[in-house]
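Shown next, in structure tokens, is the structure this report addresses.
Numbering (the numbering used here), first residue to last: 3 to 261.
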């Protein structure tokens, strides 16, 4: 039997990484490519995915045609998904149209999770609970346990204080923490979101922590706690494999089956 053609995944870059990360990876497109290469290893990435990159912050004409893609991935961002800058409202509108499309699927990461939530009319705003940073354990729901091979928890890099407060009626919650009840959700065959950053590595986390501490955004306590956990083992590659499985699922397969 012939292998299926590679899926066409559009990376919607909602930010530019900090200088050191950008030099190493060439934008969030490169950060996600680094994750996805490890997720499909030992097969070449090109056998599973073709990636395109779209700077949705600085070029409102950059969006792909739905006819030319199979899925979109909305990256994280230092910006807040509840703001009404023209590029953010344009991204929310595009995401609504992607959700309504009969074929195109959506992956939302952190800010992207919140953009998908906003597109589905779920409130998004800053949390009084404060920051979640660095490698953090999330508790999986039964649906999350099924998706991730029966595991009860996942460890994932975090960098957020904004949250989505609520769940779309048609969605299933995947995970939570004491500080953030909605850590991602699934609508089978349509979309999957996570509040954390499976794509982040220790070096990426370190640069963000150091920069935000130096500017005073992070207290000594948040900084020191995050630095102590930045290199802990985490499940980013496992999560990426779940994303790939989600993108390949059909009506004939069982949505949410184990990775």
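Every residue, glycine too, gets a C-beta built ideally from N, C-alpha and C.
Secondary structure of residue i, DSSP reduced to three states
i, result
"residue 115", "helix"
"residue 216", "helix"
"residue 257", "Any answer about residue 257 is weak, because its pLDDT of 48 lies below 50 and its placement is not dependable; what the coordinates show is given next. Three-state result, residue 257: coil."
"residue 156", "strand"
"residue 20", "coil"
"residue 205", "helix"
"residue 162", "strand"
"residue 172", "coil"
"residue 25", "helix"
"residue 5", "coil"
"residue 47", "helix"
Cβ distance (whole Å) where residue i is taken to contact residue j below 8 Å
i, j, result
"residue 77", "residue 113", "7 Å"
"residue 90", "residue 83", "7 Å"
"residue 163", "residue 128", "6 Å"
"residue 102", "residue 56", "Not confirmed; about 19 Å, so no contact."
"residue 158", "residue 23", "Contact flag wrong, Cβ pair sits at about 18 Å."
Classification of residue i by the beta-carbon crowding that lies within 10 angstroms, buried from 16 upward
i, result
"residue 1", "Residue 1 lies beyond the range of the chain shown here (3 to 261); nothing can be said about it."
"residue 67", "exposed"
"residue 234", "exposed"
"residue 88", "exposed"
"residue 147", "buried"
"residue 62", "exposed"
Range covered by the beta strand (DSSP E) that runs through residue i
i, result
"residue 15", "9 to 15"
"residue 193", "193 to 196"
Where the alpha helix (DSSP H) containing residue i begins and where it ends
i, result
"residue 240", "238 to 250"
"residue 187", "Residue 187 -> not in any alpha helix (DSSP H); beta strand (DSSP E) instead, spanning 187 to 189."
"residue 145", "144 to 149"
"residue 40", "29 to 42"
"residue 235", "Residue 235 -> no alpha helix (DSSP H), and no H or E assigned at all."
"residue 228", "222 to 231"
* Asked: Can you list, in chain order, the stretches of the beta strand (DSSP E) that have 3 or more residues and sit fully within the segment 54 to 142?
  -> At a cut-off of 3 residues, the continuous stretches assigned as beta strand (DSSP E) that sit fully inside the segment 54 to 142 are 73 to 76, 107 to 111, 126 to 128 and 134 to 142.
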